[in-house]
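For the sequence shown, the positions run -14 to 117 when the numbering used here is used.
What follows is one structure encoded as structure tokens, with my remarks underneath.
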Amino acid sequence: MATRQDELDRVLTRIHQEIPDSDWVALVDGDGLILACVPNLTAVDVDAVSAMTAATTSLGRRVLSEVAGGDLRYVVVAGSERQHLCFNLRDGYLISISLKPQVPAHATFRPLSRWLPNLMSVLEMRLHEEIS
């Protein structure tokens, strides 16, 4: 029997596999805590991933509020070595994805569109509920 955590890892693994040159895919809750990260060992410390995800989305929300931009959907911070994408999901959940700089951010849209319904279903499960 698979647990909720097993299913979170499975879905994030599928997203990670379908996005070209991704360093990690992490699920972060509204408090900035990592619920799951694939792979488990990232190029950057997982505490830094969660902190930067929270900071990036906070800044994105602030900018949007100042320019009357509406609700945050996603934020991209692109550097010469890595891109950091943060997607705002419902119920305060966030997806953090790291990409190589040459990968277009839109390469994440199809895998996320395909797997987010599964991810949200898993998140609705109780923490220790098993999946049959």
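Here a beta-carbon is modelled for each residue, glycine too, at the ideal position from N, C-alpha and C.
Item to check | At least three beta-carbon pairs within less than 8 Å, the segment 89 to 99 to the segment 13 to 20 | outcome: no
Checklist entry - Of the choices C22, A11, S83, whose alpha-carbon is the least far from that of V62? => result S83
Item to check | Extent of the continuous alpha helix (DSSP H) to which S127 belongs | outcome: As displayed, the chain neither begins before -14 nor continues past 117, which places residue 127 out of reach and without an answer.
Item to check | Where L57 sits in the DSSP three-state scheme | outcome: coil
Next on the checklist: For the segment 60 to 79 against the segment 35 to 43, do three or more pairs of beta-carbon atoms, one drawn from each stretch, fall closer than 8 Å, so that the two count as touching?
Outcome noted: yes
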